[in-house]
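*Asks:* In the working numbering, the protein residues as written are 519 to 858.
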Amino acid sequence: MSIPVKPVNSANSISHKFSIAPMLDWTDRHCRYFYRVMSKQTVLYTEMVTTGAILHGKGNYLAYNDEEHPLVLQLGGSDVNAMTECAKIAEQQGYDEININVGCPSDRVQNGKFGACLMAEPQLVADCVASMQNVTKIPTTVKSRIGIDDLDSYEFLHQFLTTVSAAGCQHFIIHARKAWLSGLSPKQNRDIPPLDYQRVYQIKQDFPNIDISINGGITTFAQANEHMQHIDGVMIGREVYQNPYMLTEADNEIWQANSEVKSRQVVLNEMIEYVDHHVANGGRAWHVARHMLGLCNGLAGAKQFRRYLSENANGENVGGEVLQQAFAKVLQLNPDLDVI
Numbered sequence: 519m520s521i522p523v524k525p526v527n528s529a530n531s532i533s534h535k536f537s538i539a540p541m542l543d544w545t546d547r548h549c550r551y552f553y554r555v556m557s558k559q560t561v562l563y564t565e566m567v568t569t570g571a572i573l574h575g576k577g578n579y580l581a582y583n584d585e586e587h588p589l590v591l592q593l594g595g596s597d598v599n600a601m602t603e604c605a606k607i608a609e610q611q612g613y614d615e616i617n618i619n620v621g622c623p624s625d626r627v628q629n630g631k632f633g634a635c636l637m638a639e640p641q642l643v644a645d646c647v648a649s650m651q652n653v654t655k656i657p658t659t660v661k662s663r664i665g666i667d668d669l670d671s672y673e674f675l676h677q678f679l680t681t682v683s684a685a686g687c688q689h690f691i692i693h694a695r696k697a698w699l700s701g702l703s704p705k706q707n708r709d710i711p712p713l714d715y716q717r718v719y720q721i722k723q724d725f726p727n728i729d730i731s732i733n734g735g736i737t738t739f740a741q742a743n744e745h746m747q748h749i750d751g752v753m754i755g756r757e758v759y760q761n762p763y764m765l766t767e768a769d770n771e772i773w774q775a776n777s778e779v780k781s782r783q784v785v786l787n788e789m790i791e792y793v794d795h796h797v798a799n800g801g802r803a804w805h806v807a808r809h810m811l812g813l814c815n816g817l818a819g820a821k822q823f824r825r826y827l828s829e830n831a832n833g834e835n836v837g838g839e840v841l842q843q844a845f846a847k848v849l850q851l852n853p854d855l856d857v858i
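Now the structure itself:
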């Protein structure tokens, strides 16, 4: 029996025109703070956090910096009671939304009965959505693929959205590739199954009252804006991680904010302060610096920048100055670089 659905409080919704994908081992709170320094409006997602980690783990897996908002918790799980309890905790912690992972194809995730394998159980996903939204005032959203294994027809995807949206989900992020649950690694599943953007466009036409975001293979804001002629939002993952400085253009390119673009030096100055604070509280500079290796990609000296941080940011007594020392390698080769 399905769970009764409570109407979504749309007043708590956030704009999903552009967001950064949840990436395991990458989009931790230090990475997200770095991204927020460069874009005020981009929606940030946590790494996937499992219900088990939240309910039984010894660490604080929901910690974040207040500056990170708008911030979405991506939750991994399939037990309705556990998902519901975690939803209540996430709301108490101040998250803006909760996103259910129905897209990750890894063996570890499948063994926990969540991720992409849940596409085969739309009513279970719907029950999670309904129960989570019944106990919170923040939205619950779903990130999925276009299909799994041989369940990859348009009709399959349509039925999945029909069932889950009926439970109250008003926003779906769809990775425009299907996932193979066996035979391909998670990395291969990000590249080998062909992209089918048209299928996601068609879903938007068939569900005009549901927000649909698209993910997969998108690398530029020009591409993002082209997609938004057909759907509501775009999510980019690896390209932003590898070339993070592109985010300084996000607010202007996506939201037409007409705001001043920060130079790399200004970004570094803010991150130096953040690193020093993190180190003063017992952390290592490398915890932050590892997410910044791509900051100078495209410039002469980018390789030296990456190497210097990799070799020097993990020491016990290293602070934020390591960022400026690394950047000096770039400045030597780019004397006309705008550093104001």
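Just so you know, even glycine gets a beta-carbon here, dropped at the ideal spot from N, CA and C.
1) Taking contact to mean 3 or more Cβ pairs, one atom from each stretch, closer than 8 Å, check whether the segment 535 to 549 and the segment 560 to 578 are in contact.
2) So what does DSSP say about N787, is it helix, strand or coil?
3) Please confirm whether L675 and I664 have their CB atoms less than 7 Å apart.
4) Kindly list the residues whose CB is nearer than 6 Å to the CB of V848, restricted to its own chain and excluding five residues on each side of it in sequence; keep chain order.
5) Are T659 and H693 touching if we call contact CB-CB under 7 Å?
6) Among residues of its own chain, excluding the 5 on either side of I616, which ones have a beta-carbon nearer than 6 Å to its beta-carbon?
7) Give the single residue among I656, G621, K655 and T654 whose Cα lies nearest to the Cα of V643.
8) Is it buried or exposed for A581, if we count other Cβ within 10 angstroms and need 16 for buried?
9) Round the Cβ separation of K560 and Y551 to the nearest angstrom and send it over; I've been treating them as touching at under 8 Å.
10) Going by DSSP, what residue range makes up the alpha helix (DSSP H) through M753?
11) With a threshold of 16 other CB atoms inside 10 Å of the CB of N733, please say whether the residue is buried or exposed.
12) Exposed or buried, what is I710 when buried is set at 16 or more other beta-carbons lying within 10 Å of its beta-carbon?
13) In angstroms, rounded to a whole number, what distance separates the CA positions of K780 and E771?
14) Suppose the cutoff is 7 Å on Cβ atoms and the five residues either side in sequence are ignored; what does the same chain contact list for Q850 look like?
15) Would you grab the beta carbon distance between G838 and E778 for me? Rounded to a whole angstrom, and I think it's under 8 Å.
16) Give the DSSP-derived three-state secondary structure of N770 in the structure shown.
17) Starting from F690, trace the beta strand (DSSP E) both ways and give me its first and last residue.
18) What is the rounded straight-line gap between the Cα of L636 and the Cα of Y719?
19) Is R695 near the ligand PLP, in the sense that its beta carbon is under 6 Å from a heavy atom of that ligand?
20) Going by DSSP, which residues form a beta bridge with L591?
21) Tell whether a beta-carbon distance below 7 Å holds between I938 and M753.
22) Tell me the residue span of the alpha helix (DSSP H) that contains S649.
23) With DSSP as the reference, label A529 as helix, strand or coil.
24) Leaving out five residues before and five after E639 in sequence, what residues of the same chain have Cβ atoms less than 8 Å from its Cβ?
25) Quick check on this structure: which residue in E603, Y613, V653 and K661 has the alpha carbon closest to the alpha carbon of P623?
*Replies:* Walking through what the data contain:
1) yes
2) Under the three-state reduction of DSSP output, N787 falls in the helix class.
3) yes
4) Hits under 6 Å: C814, L817, G819 and F823.
5) no
6) So the list reads L591, L593, A605, A608 and T658, once near-sequence residues are dropped.
7) Scanning I656, G621, K655 and T654 for the CA closest to the CA of V643 turns up G621.
8) exposed
9) Note on identity: in this sequence residue 560 is Thr, with Lys being the wrong assignment. Their Cβ separation, rounded to whole angstroms, is 13 Å, which puts T560 and Y551 out of contact at 8 Å.
10) Careful: M753 lies outside any alpha helix (DSSP H), inside the beta strand (DSSP E) at G751 to I754.
11) buried
12) exposed
13) 14 Å
14) G819
15) That pair is no contact at about 23 Å.
16) helix
17) H689 to H693
18) 22 Å
19) With respect to the ligand PLP, the structure offers nothing, as it holds no ligand at all.
20) I616
21) Outside the shown range of the chain, which is 519 to 858, sits residue 938, and nothing can be said about it.
22) First-last of the alpha helix (DSSP H) with S649: P640 to N652.
23) Bear in mind that a pLDDT of 42 at A529, under 50, signals an unreliable position, so the model cannot answer this.
24) Closer than 8 Å at Cβ, skipping near neighbours: S596.
25) K661
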